[in-house]
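Working notes, beginning with the structure itself.
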Amino acid sequence: MCARHLDKLWHKGKEFLNVPYPIMCGAMTWVSEHNLVSIVSENGAFGVLAAGNMPPETIAEEIKLTRQKTAKPFAVNLITIAPNYHQHLDLVCDMKVPYVIFAGSFPHSHEIKRVKSCGIKTVCFASADSIAQRMMEFGTDALILEGSEAGGHIGPVSSMVLLQQVLFKIKNIPVFVAGGIATGKMIAHLLLMGASGCQLGTRFVMSDECKAHPDFKEMFRKAKARDAVATPQFDSTLPVVPVRAIKNEGTARFEKLQFELLQKIQTGAITKKDAQFEVEKFWVGALRKAVIEGDVKNGSVMAGQSVGLVNEIKPIKDIITELVTDAETEVGLLIKRLED
Ligand SMILES: Cc1cc2nc3c(=O)[nH]c(=O)nc-3n(C[C@H](O)[C@H](O)[C@H](O)COP(=O)(O)O)c2cc1C
């Protein structure tokens, strides 16, 4: 596959991830298991294992299985607010995985330093400019700049603003852009803006190899961009990280849970911390229900607004080829336009 122009544009991302195509298949809890991850990496892009809320032994097994299937680079995505997070951290250090991506909330600087001291490259999410700055001060090796149109847990700021606030300013470390990306054409324009690569989630759910339940994929196929909505926060007493998912009865159930927890906090029946834990437990359980059991009515069908751009299930190899070819074509067309 010809990527002559792209090779110049995404050089930094290629070097950092040590792959031919710095396109990351973002970690998706219950979705990003060893099979999907290894196939993405084997096809020249970059796979990310989702640790989610898994018991440490399960993640260890997933890392082992990924390594059996590919010698190519991959990352493990750790959720810093997961109950087993500290065990997950010990595990990735012991197993010396090549890359760790911190998600959920934000890692402490000593955690980033510890992971780096094991020879592991670190990546942090940035969903606002102040967070990007803080993560750089903490020593992260790269950033994922994720706009609020992304699927799953999201930040407060849209990509359009983050690109101007962060991407246009950061030059010293690679920045990968995520949220709302489903086409090679878009990847080309983000590279021209200075991105070192991109991260896509929703687009990779719609692959043959993705193990999500057929009903989960069917819901993606039918959904329009406007169907992927972010959950509201009703009261600052119970801070809720918004989640973007396709609207269904599960979304309504979450709203009810929020009201119940708020009442319990007010009467002292539950602490704020435990209530927040209940919220996270809800999402992990609800996502499993939809992804694994196919209960897309009551479960959480997390998806980005990019769901409106994908309506076909394809093999991973074809998705990556299409993204790279379309991106290369777009850059070629732009060069031609400028020369004419
Ligand atoms: C079903 C689903 C589950 C996700 N789970 C995680 C996760 O466990 N950890 C994480 O860092 N991001 C998670 N994400 C976000 C993706 O890694 C990625 O950044 C996002 O999907 C990009 O936006 P897009 O869906 O518009 O491509 C999830 C996204 C989806 C759709």
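Numbering (my numbering), first residue to last: -6 to 333.
For each residue, glycine too, the CB sits at the ideal point set by N, CA and C.
Since the structure is predicted, the reported quantities are computational estimates derived from the model, not experimental observations.
- Restricted to the segment 176 to 219, the beta strand (DSSP E) segments that are unbroken, complete and at least 3 residues in length are 190 to 193, listed in chain order.
- When DSSP reads this structure, G145 sits in a beta bridge with R237.
- In the DSSP annotation of this structure, G37 is not part of any beta strand (DSSP E), being labelled neither H nor E.
- Beta-bridge partners assigned by DSSP to M17: F39, Q192.
- Distance between R246 and A143, taken at the CA atoms: about 21 Å.
- Here F169 carries a strand assignment [DSSP, helix/strand/coil].
- Separation of I72 and R330 (C-alpha to C-alpha, rounded to the nearest whole angstrom) is 44 Å.
- About 13 Å separates the Cβ atoms of V284 and F197, ruling out a contact at the 8 Å cut-off.
- For A283, there is no enclosing beta strand (DSSP E); the residue is part of the alpha helix (DSSP H) that begins and ends at 265 to 284.
- Taking 8 Å as the upper bound for CB-CB distance, K65 and S110 are not in contact here, some 24 Å apart.
- In the DSSP assignment, N70 is bridged to A43, I94.
- Exclusion of S31 from the 8 Å shell around ligand 1 follows from its C-beta lying no nearer than that to any non-hydrogen atom of the ligand.
- M(-6) counts as exposed, since fewer than 16 other beta carbons sit within 10 angstroms of its beta carbon.
- In the DSSP assignment, C117 falls within the unbroken beta strand (DSSP E) covering 114 to 119.
- Note that the C-beta distance between I16 and I180 is below 9 Å.
- According to DSSP, E139 shares a beta bridge with A171.
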